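Protein chains in written order, with the working numbering: chain Y, 3 to 247; chain B, 153 to 431.
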């Protein structure tokens with residue numbers, strides 16, 4: 003018995019979109035991921051299915067042949083009525099180190115003035131909350147993190163920068179996130195994370211998944227430089243906690 | 153080895169693309185015009201995933217350092233092999249030291265060069281397709297070299313294909329995108345009654361169209377996008393995501409191009425016209 007009313011729509015002939023009510027809500031995301039896990043383990047076992055969850059939707063893509071929309075829609079609605087909780091899902095809390103020095107946090111001064119909070123207050127707010135990964139997109143490994151305290155909500159910069167440094171931690175609207183590579187971008191930059199968020203050479207190029215949680219902790223510039231070297235030679239150990247969802 | 157003597161405007165290695173990482177934000181990449189690229193591989197009896205060179209607008213000059221067989225396809229350019237003109241979709245033998253040189257673009261926008269067995273450049277996350285941030289660079293430079301296996305004998309099943317009218321096609325077959333239902337009658341009329349021309353903002357990530365239709369003001373929660381997704385912005389601009397396009401977006405996805413339509417569009421350049429045809 004699942005509580006949400008879901009809608010299913012075609013997305014071209016090789017994809018199908020399943021949508022939950024249109025709001026950003028951790029409970030909805032949890033339900034989507036529980037259903038996604040159930041689909042993977044019990045229904046759509048063919049590994050060719052690509053499954054892209056984000057916020058209040060999940061897109062199912064099958065490139066091998068056209069999807070019979072009406073049939074799949076009926077099946078999905080029936081599967082959603084089943085006891086999707088029989089499969090166990092885990093999520094991970096990642097503790098990510100961020101250096102909030104002003105060399106990196108190039109917009110800290112500006113948002114400190116705008117919000118009448120000190121830089122220390124901003125940093126301590128940013129590090130005291132646990133964020134949820136609602137989506138990964140825009141760039142390989144770019145995580146959209148929700149759960150920001152309201153006082154840290156700032157509009158995107160009116161003039162995007164042509165280059166935001168790799169690792170930059172930014173604030174934009176209700177979201178915070180990390181730029182996995184040098185990129186143009188309009189978020190307000192408050193620090194830099196020393197852990198690479200995307201490494202194409204790694205077995206798992208992006209360690210974070212949608213539904214995981216992230217909490218930042220403050221590090222000094224010296225610690226940042228050390229982490230960077232440790233990451234490069236492959237001896238840096240990420241701090242993580244496995245949680246039952 | 154293939155030696156790139158002059159790289160041209162934007163010459164890149166592409167195969168069918170990088171699958172399995174959409175949920176990590178990694179675009180598919182791969183042949184922009186899969187329809188033409190696949191034909192070149194078929195003529196050489198290659199695997200459908202064999203890596204080819206994708207040549208955009210201004211072609212390269214390359215030298216073969218081992219004998220093999222080649223085929224070109226896609227856009228029409230004046231191309232010479234050791235100064236003798238050659239044509240698309242013909243299987244040709246090349247020898248060590250042969251020089252292939254691309255001249256003027258005549259029709260289309262992207263041309264493909266396939267070698268027997270495909271280029272053996274490094275696989276990154278299961279694909280040889282160049283894409284910045286996944287591979288070291290996103291296109292080739294003068295002096296780059298690409299590995300391939302020498303091939304002395306090959307009997308093609310068909311040695312030459314007639315060039316069809318594919319490059320003249322202007323109709324883009326589309327199906328409904330997830331937010332199609334949000335379109336008003338007026339928007340639908342504008343979408344299907346007129347022709348759209350390609351803006352100068354066109355690349356492997358996306359093709360923007362010049363003419364606008366009425367925009368959609370409703371905001372959308374970020375959700376998945378695919379190659380061939382047509383997004384409608386609040387100002388009424390249409391953006392067609394292509395193979396390197398981002399994997400999530402926040403604009404309404406009003407239409408979805410067929411695979412063939414993505415290939416048709418990939419051969420269009422600034423100023424060319426296209427029309428949407430709903431399946």
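Don't be surprised by glycine CBs; every beta carbon is placed ideally from N, CA and C. All values reported here derive from a predicted model rather than from experimental measurement.
Can you have a look at residue i and say buried or exposed, based on whether 16 or more other CB atoms are within 10 angstroms of its CB?
i	result
residue 331 of chain B	buried
residue 229 of chain B	buried
residue 222 of chain Y	exposed
residue 239 of chain B	exposed
residue 278 of chain B	exposed
residue 234 of chain Y	exposed
residue 243 of chain B	buried
residue 21 of chain Y	buried
residue 180 of chain B	buried
residue 396 of chain B	buried
residue 120 of chain Y	exposed
residue 138 of chain Y	buried
residue 56 of chain Y	buried
residue 371 of chain B	exposed
residue 28 of chain Y	exposed
residue 162 of chain Y	exposed
residue 310 of chain B	exposed
residue 153 of chain Y	exposed
residue 269 of chain B	buried
residue 457 of chain B	The structure shown does not extend to residue 457 of chain B, since chain B spans only 153 to 431, so no value can be given for it.
Give me, in chain order, the residues of the same chain whose beta-carbon lies closer than 8 Å to that of residue i; leave out the 5 immediate sequence neighbours on both sides.
i	result
residue 329 of chain B	381, 382, 404, 405, 406, 407, 408
residue 131 of chain Y	149, 150, 151, 217
residue 179 of chain Y	144, 145, 146, 147, 171, 172, 189
residue 341 of chain B	none
residue 229 of chain Y	99, 196, 197, 221, 238
residue 400 of chain B	177, 374, 375, 376, 377
residue 31 of chain Y	55, 57, 58, 134, 136, 212, 213
Could you tell me which residues DSSP puts in a beta bridge with residue i?
i	result
residue 10 of chain Y	Y/20
residue 162 of chain B	B/208
residue 217 of chain Y	Y/97
residue 195 of chain Y	Y/100
residue 1 of chain Y	Given that chain Y is displayed from residue 3 to residue 247, the structure contains no residue 1 of chain Y and the question cannot be resolved.
residue 379 of chain B	Paired residues: none, contrary to the question.
residue 405 of chain B	B/383
residue 266 of chain B	B/223
residue 243 of chain Y	Y/95
residue 147 of chain Y	Y/135, Y/178
residue 170 of chain Y	Y/194
residue 215 of chain B	B/155, B/251
residue 70 of chain Y	Looking at the DSSP assignment, residue 70 of chain Y forms no beta bridge with any residue, so it has no partner.
residue 242 of chain B	B/312
Give a yes or no on whether the C-beta atoms belonging to residue i and residue j are separated by under 8 Å.
i	j	result
residue 265 of chain B	residue 224 of chain B	yes
residue 187 of chain Y	residue 101 of chain Y	no
residue 129 of chain Y	residue 220 of chain Y	yes
residue 167 of chain Y	residue 151 of chain Y	no
residue 202 of chain Y	residue 286 of chain B	yes
residue 12 of chain Y	residue 410 of chain B	no
residue 304 of chain B	residue 219 of chain B	yes
residue 54 of chain Y	residue 175 of chain B	yes
residue 234 of chain B	residue 207 of chain B	no
residue 260 of chain B	residue 319 of chain B	yes
Kindly list the residues whose CB is nearer than 6 Å to the CB of residue i, restricted to its own chain and excluding five residues on each side of it in sequence; keep chain order.
i	result
residue 183 of chain B	166, 189
residue 244 of chain Y	92, 94
residue 191 of chain Y	108, 109, 170, 172
residue 159 of chain B	212, 292, 293, 294
residue 3 of chain Y	Residue placement at residue 3 of chain Y is flagged as unreliable, the pLDDT there being 48, under the threshold of 50; the coordinate-derived value follows with that caveat. Closer than 6 Å at the Cβ level, and outside the excluded window around residue 3 of chain Y, lies no residue.
residue 232 of chain B	253
residue 267 of chain B	220, 222, 300
residue 297 of chain B	153, 155
residue 271 of chain B	165, 203, 298, 300
residue 325 of chain B	410, 413, 429, 431
residue 339 of chain B	365, 366
residue 226 of chain Y	101, 196
Return the chain-ordered list of same chain residues with a C-beta closer than 7 Å to the C-beta of residue i, the five sequence neighbours on each side being excluded.
i	result
residue 125 of chain Y	102, 220
residue 86 of chain Y	4, 36, 37, 40
residue 165 of chain Y	184, 186
residue 185 of chain B	226, 262, 415, 418, 419
residue 98 of chain Y	195, 197, 216, 218
* **Cβ pair count under 8 Å reaching 3, the stretch 69-80 of chain Y against the stretch 4-21 of chain Y** => Below 8 Å, enough C-beta pairs join the stretch 69-80 of chain Y and the stretch 4-21 of chain Y to call them touching: three or more.
* For the stretch 30-38 of chain Y and the stretch 197-213 of chain Y, state whether three or more C-beta atom pairs, one from each stretch, are separated by less than 8 Å. => With the cut-off at 8 Å, the stretch 30-38 of chain Y and the stretch 197-213 of chain Y touch.
* To do: Could you tell me whether the stretch 40-50 of chain Y touches the stretch 383-394 of chain B, using the rule of 3 or more Cβ pairs below 8 Å?
  => Segments in contact, no.
* Touch test, the stretch 196-210 of chain B against the stretch 314-325 of chain B, Cβ-Cβ under 8 Å, three pairs minimum -> In short, these stretches do not touch, since the Cβ pair count stays below three.
* Asked: Hey, is the stretch 414-431 of chain B in contact with the stretch 348-357 of chain B, meaning 3+ C-beta pairs nearer than 8 Å?
  -> Yes, the stretch 414-431 of chain B touches the stretch 348-357 of chain B.
* Asked: Using 8 Å as the Cβ pair cut-off and three pairs as the minimum, do the stretch 365-378 of chain B and the stretch 58-66 of chain Y touch?
  -> The way I'd put it, the stretch 365-378 of chain B does touch the stretch 58-66 of chain Y; three or more beta-carbon pairs between them come closer than 8 Å.
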